[in-house]
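In this note's numbering, the protein residues as written are 327 to 409.
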C-alpha cells in the first residue's frame with residue numbers, strides 16, 4: 327500500500343497532526359527542515375499555515391510539498407487526547 331496523507335491539523339507552530347491512509351494519526355514537527363533551501367520560506371507563519379492536502383501529501387501556497395513517505399517516516403504516533 328502506498329502511504330498518503332488524508333487529513334491535516336495544525337497543532338503548534340511548525341507542527342501538524344496528520345492522518346494517513348492506513349488509519350494512523352501521526353505528529354510531525356517540521357521546524358528542523360525550515361533552514362534548508364526553499365523550505366526557509368515556510369518560516370513565515372502565513373505561508374506555513376497555508377498547508378493543504380494535494381495528491382496525498384502536504385502542499386503549500388508557494389508550491390512546496392513534502393513526499394508522504396518522508397512525513398510518515400519522520401513522524402511519531404500522535405498522542406491520544408482523552409475525552
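The C-beta atom is built at its ideal place from N, Cα and C for all residues, glycine as well. Quick caveat: nothing in here was measured; it's all calculated off a predicted structure.
Minimum C-alpha distance to residue i - residue among the options
i: residue 406; options: 348, 340, 352, 385; result: 352
i: residue 381; options: 368, 404, 362, 395; result: 395
As assigned by DSSP and simplified to three states, the class of residue i
i: residue 395; result: helix
i: residue 346; result: strand
i: residue 428; result: Lying outside 327 to 409, the shown extent of the chain, residue 428 is not represented and no answer is given.
i: residue 380; result: strand
i: residue 366; result: helix
Inter-residue spacing [alpha-carbon to alpha-carbon] between residue i and residue j
i: residue 337; j: residue 349; result: 19 Å
i: residue 367; j: residue 334; result: 20 Å
i: residue 371; j: residue 383; result: 19 Å
Closer than 8 Å to chain D by CB, residue i
i: residue 348; result: Among the chains of the structure shown, chain D does not appear; only one protein chain is present.
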